[in-house]
Amino acid sequence: MPAGERWEDPGRVHPWIRLWARAFDVLLVAVPLGLAQWHWFRPAEPGWFDLMLFGMLALFVWLLLEPILISRLATSPGKWVFSIRILNRDGSRLSYSQALRRSDMVWAKGLGAGTPLIGQFLMAAQHYQLSRDATTFWDDEGGFDVRHGEIRAPRVIAAAAIVAFAVIALAAGAY
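Going by UniProt numbering, 34 is the number at position 34 of the sequence shown; the sequence numbering is gapless.
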């Protein structure tokens with residue numbers, strides 16, 4: 001933990017901050033995937049089904065990358081922006097297998113593997129559980145704590161700049 005960084009009680013929940021952190025992480029995967037897809041396959045007019053499959057692919061790729069970051073750093077880029085750390089209840093970092101299992105449960109039971117309607121239903125159910133019980137199914141079952149620190153403006157500004165760059169890159173890549 002950086003000097004001067006304050007971490008809140010793991011019992012305090014922030015479902016929307018967790019959602020924004022995950023959205024940022026998936027965006028970091030989706031932009032390069034989208035640019036690569038556009039460069040190599042250049043779909044004429046992607047329909048809703050193509051976009052759904054692309055979203056599912058981006059979530060799956062993130063499922064493979066997130067455990068590496070969580071096990072090494074206890075955070076991910078999005079979680080870092082919003083000062084979130086994932087730790088074991090004793091304060092130690094998750095092993096790779098623990099982080100992979102957690103990511104898999106989030107992907108399958110929290111996001112429905114990106115499947116429309118199922119994913120939204122599961123996210124709403126987990127939001128309810130997190131708000132009610134101060135934990136999610138996967139964190140409770142795995143014995144993990146999600147710790148929130150103070151969100152600092154420079155991190156959020158950097159994230160906003162990255163999102164703006166991503167939007168510009170995608171728009172430029174589309175033409």
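The beta carbon of each residue, even a glycine, is placed where N, CA and C say it ideally should be.
In this text the structure is predicted, and so the values were computed from the model without any measurement.
Whole alpha helix (DSSP H) runs in the UniProt domain "RDD" (14-139) with 4 or more residues, listed along the chain?
-> 15-40, 48-73, 77-81, 96-105 and 118-133, all fully within the UniProt domain "RDD" (14-139).
Arginine 147: first and last residue of the uninterrupted beta strand (DSSP E) it sits in = Note, arginine 147: beta strand (DSSP E), 144-148.
Compare the beta carbon distance of methionine 52 and proline 154 with 7 Å and say whether it is the shorter of the two.
-> Their beta carbons are not under 7 Å apart, which means methionine 52 does not touch proline 154 by this criterion.
How many whole angstroms separate the CB atoms of leucine 33 and alanine 58, which I take to be in contact at a CB cut-off of 8 Å?
-> Confirmed, about 6 Å.
Please say whether aspartate 145 and leucine 87 have beta carbons closer to each other than 7 Å?
-> Going by C-beta atoms, leucine 87 is nearer than 7 Å to aspartate 145.
Arginine 155 - DSSP class collapsed to helix/strand/coil = If DSSP states are grouped into helix, strand and coil, arginine 155 belongs with the helices.
Own chain, CB closer than 7 Å to proline 67, minus 5 neighbours either side, in chain order | Here the set comprises Tyr96, Ala99, Leu100 and Ser103.
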